[in-house]
Structure formats: C-alpha cells, structure tokens
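Everything on this sheet refers to the single structure shown next.
Number of protein chains: 2
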Amino acid sequence: MRPETIENYLKTIYNLSSNNTAVVSNQKIADKLSLNPATVTEGLRKLHELKYVVYEKSYGSRLTAAGSKLALDIVRRHRIWETYLAKELGFGWDEVHAIAEELEHVNNVKLINKLASILGNPTYDPHGDPIPDAKGKIQKSNFIKLSETKVKGNYKVMGVTDHSPTFLKYLEKHELIIGAGINIKTIEDFDNSIILVCQKKEVSISPKAAECIIVQTI
Amino acid sequence: MRPETIENYLKTIYNLSSNNTAVVSNQKIADKLSLNPATVTEGLRKLHELKYVVYEKSYGSRLTAAGSKLALDIVRRHRIWETYLAKELGFGWDEVHAIAEELEHVNNVKLINKLASILGNPTYDPHGDPIPDAKGKIQKSNFIKLSETKVKGNYKVMGVTDHSPTFLKYLEKHELIIGAGINIKTIEDFDNSIILVCQKKEVSISPKAAECIIVQTI
DNA sequence: TTATTATTTTTGGCATACCAAAAAGATAAT
DNA sequence: ATTATCTTTTTGGTATGCCAAAAATAATAA
Ligand SMILES: [Mn+2]
Ligand SMILES: [Mn+2]
Ligand SMILES: [Mn+2]
Ligand SMILES: [Mn+2]
Chain A
0 MRPETIENYL
10 KTIYNLSSNN
20 TAVVSNQKIA
30 DKLSLNPATV
40 TEGLRKLHEL
50 KYVVYEKSYG
60 SRLTAAGSKL
70 ALDIVRRHRI
80 WETYLAKELG
90 FGWDEVHAIA
100 EELEHVNNVK
110 LINKLASILG
120 NPTYDPHGDP
130 IPDAKGKIQK
140 SNFIKLSETK
150 VKGNYKVMGV
160 TDHSPTFLKY
170 LEKHELIIGA
180 GINIKTIEDF
190 DNSIILVCQK
200 KEVSISPKAA
210 ECIIVQTI
Chain B
0 MRPETIENYL
10 KTIYNLSSNN
20 TAVVSNQKIA
30 DKLSLNPATV
40 TEGLRKLHEL
50 KYVVYEKSYG
60 SRLTAAGSKL
70 ALDIVRRHRI
80 WETYLAKELG
90 FGWDEVHAIA
100 EELEHVNNVK
110 LINKLASILG
120 NPTYDPHGDP
130 IPDAKGKIQK
140 SNFIKLSETK
150 VKGNYKVMGV
160 TDHSPTFLKY
170 LEKHELIIGA
180 GINIKTIEDF
190 DNSIILVCQK
200 KEVSISPKAA
210 ECIIVQTI
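Just so you know, the protein sequences line up as chains A and B, in that order.
For what it's worth, numbering that gives the first Met the number 0 labels the leading residue of the first sequence as 0, then goes sequentially.
For what it's worth, numbering that gives the first Met the number 0 labels the leading residue of the second sequence as 0, then goes sequentially.
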C-alpha cells in the first residue's frame with residue numbers, strides 16, 4: 000500500500016473512533032474518504048495484514064498500537080500545518096484544512112517539530128482539535144456539543160467537528176468563533192433550533208449545526 | 000497520469016534542457032527519475048498526447064508552451080520552498096532539496112505567493128538557481144562553470160549544479176559557499192585539478208567537482 | 001562500410017488502487 | 001418469525017505506473 004493511502008485510512012479511522020476505542024464501520028470510512036465500500040473492505044484487509052488495524056469482518060475495525068502511533072503522527076502533522084497556515088501565513092480557518100490535507104503527507108519530523116516550536120508547541124488547532132505532541136501524547140478534554148447544552152446556560156465555543164468552508168464561513172458570519180461566549184436563551188419547540196446570544200446578538204442555530212459546535216460550560 | 004507524475008517529468012525535462020530549447024534524451028530522464036527507460040518511453044508518449052511535450056521517437060523531447068508553463072510553476076514551488084526552509088526554518092542548503100522534492104507537489108498559488116512575499120520575492124534559491132516569478136518569468140544569467148575558468152582569474156561562487164548533501168557538505172567544509180570569492184592559482188598538469196584560494200585557504204578541486212560549481216568573473 | 005556498442009522501443013507482465021454489480025450477512029420492522 | 005432494508009463482502013474488471021527481456025534503431029569505431 001502507498002504511504003499516502005495508509006495514512007488516509009489510519010487518520011480517518013482515528014478521527015471516526017474519537018475516544019480511540021470505539022469500532023468504526025466500513026461505511027463511515029467509505030463516506031469520509033469518498034471511496035466505494037468494496038474498496039474499503041479491501042483496504043482494511045490489507046491494513047489488518049500490515050498489523051495497523053484489527054479488522055473483524057462484518058463487525059468493524061479499530062487501530063492497533065502501531066496503527067494508533069502512525070495515526071497520531073499524521074494527525075499531528077495535519078493540525079500543526081493548519082495552525083501554522085493560520086497563525087504564521089495568514090490563512091482563514093476555513094482555508095487551512097484543504098491545504099493541510101496535502102501537506103500532512105510530507106513526512107519530516109524535523110520540519111514538523113520546527114513549525115511546532117515556532118508556534119510555541121500549540122495544543123489546539125484552529126478548529127479547537129487537540130494537537131498530539133512529538134511523542135503522540137494528546138490532550139483529553141470533556142467538552143460537549145452545543146446540541147447537548149441546557150437552556151439558560153453560559154458556554155464558551157471550544158471547537159467544531161465540521162471543517163467545511165461553508166460551515167466555517169457561516170459560523171464566522173454570526174461571530175461564533177473559537178473563544179466566543181454564548182448564552183442559551185431557549186429552544187424552539189417546532190424544529191428544536193437553539194436560540195442563543197453571542198456577541199450581544201441573538202442567533203438561531205439549527206439542530207444540525209448545533210451537532211457540529213463544541214462548547215464548554217463557564 | 001497522476002499530477003505528481005506529470006510534474007516530475009516536466010520539471011526534469013526543464014532542468015535537463017537548461018536553455019529550454021535543447022532536446023532531452025530518454026536516458027537522461029530515466030537517470031534523473033530513477034526509472035526504467037521503457038517507463039520513460041511510455042511516459043513521454045502520454046505527455047505528448049497531453050500536449051505538454053513534443054516527443055519525436057528515437058530523437059528526443061522538448062516542452063511545449065503549456066508544458067513549459069507547468070514546468071516553470073513547479074520549479075518555482077520547489078525553489079521557493081527550498082528558500083523558505085533555509086531562510087525561515089533554519090535548514091541547511093544540503094537538507095532543503097529532499098524536503099522541497101515533496102512540498103513542491105502541493106499546488107496552492109496563494110500559499111507559494113505568501114511564502115515568496117515573506118521572503119521578499121527572492122530571485123535565487125539556496126543553490127544559486129533562479130526562481131521564476133508568479134508569471135513564470137525567470138532571471139537569465141551568464142555564469143560559467145568553475146571548470147571553464149582561466150588561471151589567475153578572480154571569481155565569485157554563484158551556484159551549484161549538484162544538490163546532493165554529500166557534495167554540498169564537501170563544499171561547505173572548504174567554505175566554498177555562495178558568494179565566496181575565489182582566486183584561481185593554477186591547474187594541476189597531472190589530473191587537471193584546479194588549485195584555488197578561497198577564504199585565504201588553498202583548496203584543490205577535482206575536475207568532477209569543478210563541473211558542478213557555478214561562478215562569475217569579478 | 002561493416003561491425004560493435006549504446007539507446008530506444010516493443011512486448012508481456014506485475015502491483016496497486018480503485019469501481020460496479022451480484023451475493024451474502026446483519027439489523028430492524030412488522 | 002418473517003420480511004424488508006441496510007451493510008458488507010465477493011467477484012470480475014479497469015486504469016495507472018512501473019519493470020525485465022527481447023527486438024529495433026541509432027551512433028560509434030574499426
Ligand atoms: Mn483539518
Ligand atoms: Mn483542524
Ligand atoms: Mn532542489
Ligand atoms: Mn535548489
């Protein structure tokens with residue numbers, strides 16, 4: 000298997016199993032990588048062979064220790080590049096993901112560590128995702144989705160789970176950026192929209208969008 | 000053809016036809032890309048099909064206008080990255096080529112122009128090679144090889160034609176770095192070694208090495 | 001000019017990464 | 001428990017990028 004192919008699979012499995020213990024379905028992988036399910040079945044068989052993945056057919060897959068190590072490495076590269084592009088090169092948080100998607104495959108430890116060092120070894124990327132350190136150690140947080148908040152509560156935006164430019168530009172328009180404080184006013188009976196106040200302006204957030212916004216109680 | 004494959008061929012043809020008019024042989028391309036000659040024949044047939052190359056069989060190849068444009072673009076990316084790695088990220092001139100070899104395939108105009116702008120739109124890379132501007136315009140120089148110099152002449156090192164770490168480290172050891180002034184003392188009758196003075200120290204340069212050092216009269 | 005040598009091309013084949021359609025298996029609904 | 005619906009796997013097949021060996025062509029030396 001080509002390194003790039005391996006890296007794309009492992010990163011995807013890592014991202015989809017969030018806590019890194021949950022088993023991941025073929026379909027989810029196929030969706031994320033825009034591949035035919037048949038291709039994913041083949042891919043997983045090979046990754047199992049390579050001992051990067053434990054793949055039990057018709058059940059699901061999870062990373063081995065070796066697979067996890069590799070996955071954390073590429074996740075680190077991706078997120079360091081995103082941070083570098085945003086902080087040092089002036090790109091918007093809606094632009095960095097696509098570029099990092101390519102840069103992440105350039106495997107040079109010295110390069111990534113240098114970028115990280117220039118950035119002051121950041122622990123979070125522009126989307127609020129934690130950045131593994133050079134040894135693969137990653138910050139564990141107990142943030143919740145906006146969709147799981149309680150009415151009348153005060154929260155702070157900590158991250159997003161959707162990196163698409165469309166979504167990120169939409170958030171920016173409402174000033175729902177990382178670090179912004181929000182106050183949940185009420186939930187619409189009709190469609191479960193969340194009405195909240197952010198930067199003194201009232202905003203209505205659809206349930207779908209609320210699923211993609213990560214917050215912390217304050 | 001995969002973009003990376005196309006880019007590697009076009010860049011190689013460009014580099015091998017220096018003045019960009021000379022025809023390039025299959026063998027030279029095969030050597031540079033570490034490919035079997037049979038593979039190169041196939042590759043050129045496809046690039047001809049794609050109108051990036053004029054390939055006359057059993058004779059040679061040269062770039063079309065479209066191929067030239069693409070080649071200059073990737074040469075720009077390669078050299079801007081090399082310069083950025085050296086000047087902004089602290090890598091040695093012997094390290095940058097290998098990393099740039101991968102980074103050059105990340106095709107994002109805004110990114111490269113940003114890097115160039117941070118560097119002050121440089122016109123030469125760490126090896127003395129000219130960097131095409133955003134429009135593909137490239138500085139033409141009339142430098143000569145150290146092997147073509149005259150005895151008793153005073154010259155300045157302007158570049159190298161070999162980017163291998165071994166060669167570059169060797170040069171560095173003798174302080175034969177870009178910008179260094181040299182004075183040609185004599186040429187050894189026995190093996191045609193060039194005896195010169197650089198930074199007040201006498202150095203003997205083999206004909207093979209002298210072929211790879213670019214200088215200018217002062 | 002004729003041989004010798006070097007280069008290029010053709011041929012046949014292999015490995016990887018993918019997909020569409022059919023078959024099998026697992027889940028959910030009635 | 002049986003059917004209907006998703007999900008996964010199998011099967012057969014394509015496109016790309018590569019190579020080794022043989023055949024053809026070009027360049028060089030005798
Ligand atoms: Mn991203
Ligand atoms: Mn991110
Ligand atoms: Mn280089
Ligand atoms: Mn260079």
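Idealized CB from N, CA, C, for every residue including glycine.
1) Applying the 10 Å Cβ sphere with the 16-neighbour rule, what's the burial state of Arg44 (chain A)?
2) Please list, in chain order, the chain A residues whose beta carbon lies closer than 8 Å to that of Leu102 (chain B).
3) Distance check for His173 (chain A) and Lys199 (chain A), CA to CA, integer angstroms please.
4) Within the continuous alpha helix (DSSP H) that includes Val108 (chain A), where are the two ends?
5) Return the chain-ordered list of same chain residues with a C-beta closer than 8 Å to the C-beta of Leu69 (chain A), the five sequence neighbours on each side being excluded.
6) Are any of the Cβ atoms in chain A nearer than 8 Å to that of Lys113 (chain B)?
7) In chain order, which continuous runs of the beta strand (DSSP E) of length 3 or greater are located wholly inside the segment 62 to 116 of chain A?
8) Out of A:Thr216, A:Glu101 and A:Asp161, which one is the CA nearest neighbour of Ile73 (chain A)?
9) Confirm the yes/no value for this check: CB of His96 (chain A), any heavy atom of ligand 1, distance under 7 Å.
10) In its own chain, which residues sit with a C-beta less than 7 Å from the C-beta of Pro129 (chain A), not counting the 5 before and 5 after it?
11) If you drop the 5 nearest sequence neighbours on each side, which residues of the same chain put their C-beta closer than 8 Å to that of Leu71 (chain A)?
12) For a quick check, are the C-beta atoms of Lys27 (chain B) and Gly89 (chain A) less than 8 Å apart?
13) Using only the heavy atoms of ligand 1, determine whether one of them is closer than 7 Å to the beta carbon of Glu101 (chain A).
14) Inspect the beta-carbon positions of Tyr154 (chain B) and Val214 (chain B) and report whether they are closer than 8 Å.
15) Output, in chain order, the set of chain A residues within a Cβ distance shorter than 8 Å of Leu167 (chain B).
16) Return no unless some Cβ of chain B is closer than 8 Å to the Cβ of Leu69 (chain A).
17) Just jot down, in chain order, the residues whose CB lies closer than 5 Å to any heavy atom of ligand 4.
18) Report the option in A:His126, A:Asn107, A:Ala133 and A:Asn106 whose CA atom is closest to the CA atom of Gly221 (chain A).
19) Between Cys211 (chain B) and Phe166 (chain B), how many whole angstroms is the CB-CB distance? I'm expecting something under 8 Å.
20) With distance defined between alpha-carbon atoms, name the residue in B:Asn191, B:Gly127, B:Val22 and B:Glu41 nearest to Thr160 (chain B).
21) Should Leu88 (chain A) be flagged as near chain B, meaning a C-beta pair shorter than 8 Å?
22) Beta carbons nearer than 9 Å to chain B: which residues of the segment 32 to 47 of chain A have them?
Walking through what the data contain:
1) Position 45 of the first sequence holds residue 44 (chain A). Per the 10 Å Cβ criterion, exposed.
2) One-based indexing of the second sequence puts residue 102 (chain B) at position 103. Those within 8 Å of Leu102 (chain B) in chain A are Leu102 and Val105.
3) The count along the first sequence starts at 1 and reaches residue 199 (chain A) at position 200. The count along the first sequence starts at 1 and reaches residue 173 (chain A) at position 174. Those two C-alpha atoms are separated by around 11 Å.
4) Translated into positions along the first sequence, residue 108 (chain A) becomes position 109. Its alpha helix (DSSP H) spans residues Val108 to Ile117.
5) Numbered from its first residue, the first sequence carries residue 69 (chain A) at position 70. Excluding five sequence positions before and after Leu69 (chain A), the CB atoms of its chain that fall closer than 8 Å to its own CB belong to Ile5, Glu6, Leu9 and Tyr51, given in chain order.
6) In the second sequence, residue 113 (chain B) corresponds to position 114, counting from 1. So yes, Lys113 (chain B) belongs to the interface.
7) Unbroken beta strand (DSSP E) stretches of 3 residues or longer found wholly inside the segment 62 to 116 of chain A: none.
8) Working through the first sequence from its first residue, we reach residue 73 (chain A) at position 74. Proximity to Ile73 (chain A) across A:Thr216, A:Glu101 and A:Asp161 peaks at A:Glu101, based on C-alpha coordinates.
9) In the first sequence, counting from the first residue as 1, residue 96 (chain A) sits at position 97. Distance from the C-beta of His96 (chain A) to the nearest heavy atom of ligand 1 is below 7 Å.
10) As a working note, residue 129 (chain A) is residue 130 in the first sequence. Take Pro129 (chain A), set aside five residues on each side of it, and the residues of its chain with a beta-carbon closer than 7 Å to its own are Thr122, Tyr123, Ile137, Gln138 and Ser140, in chain order.
11) Here the question's residue 71 (chain A) lines up with position 72 in the first sequence. Sequence-distant partners of Leu71 (chain A) (beyond 5 residues in either direction) whose C-beta falls short of 8 Å from its own C-beta, in its chain, are Tyr13, Pro131, Gly135 and Ile137.
12) Locating residue 27 (chain B) in the second sequence gives position 28, counting from the first residue. Locating residue 89 (chain A) in the first sequence gives position 90, counting from the first residue. Pairing Lys27 (chain B) with Gly89 (chain A) gives a Cβ-Cβ distance that is not under 8 Å.
13) Counting from 1 along the first sequence, the entry for residue 101 (chain A) is found at position 102. Glu101 (chain A) Cβ: outside cutoff for every heavy atom of ligand 1.
14) Within the second sequence, the letter at position 155 stands for residue 154 (chain B). Within the second sequence, the letter at position 215 stands for residue 214 (chain B). Contact: yes.
15) Position 168 of the second sequence, counting from 1, holds the residue named residue 167 (chain B). Chain A residues near Leu167 (chain B): none, gap ~17 Å exceeds 8 Å.
16) One-based indexing of the first sequence puts residue 69 (chain A) at position 70. For Leu69 (chain A), the nearest beta carbon of chain B is not closer than 8 Å to its own beta carbon.
17) Taken from the N-terminal end onward, the list reads B:Glu81, B:Asp124, B:His126 and B:Asp128.
18) Here chain A has residues from 0 to 217 only, and residue 221 (chain A) is not among them.
19) Position 212 of the second sequence, counting from 1, holds the residue named residue 211 (chain B). Position 167 of the second sequence, counting from 1, holds the residue named residue 166 (chain B). About 6 Å separates the CB atoms of Cys211 (chain B) and Phe166 (chain B); that is less than 8 Å, so the two are in contact.
20) As a working mapping, residue 160 (chain B) is identified with position 161 in the second sequence. Nearest neighbour of Thr160 (chain B) by Cα position, chosen from B:Asn191, B:Gly127, B:Val22 and B:Glu41, turns out to be B:Gly127.
21) Here residue 88 (chain A) refers to the residue found at position 89 of the first sequence. Taking 8 Å as the threshold, the shortest C-beta distance from Leu88 (chain A) to chain B falls below it.
22) Residues passing the 9 Å Cβ filter: none.
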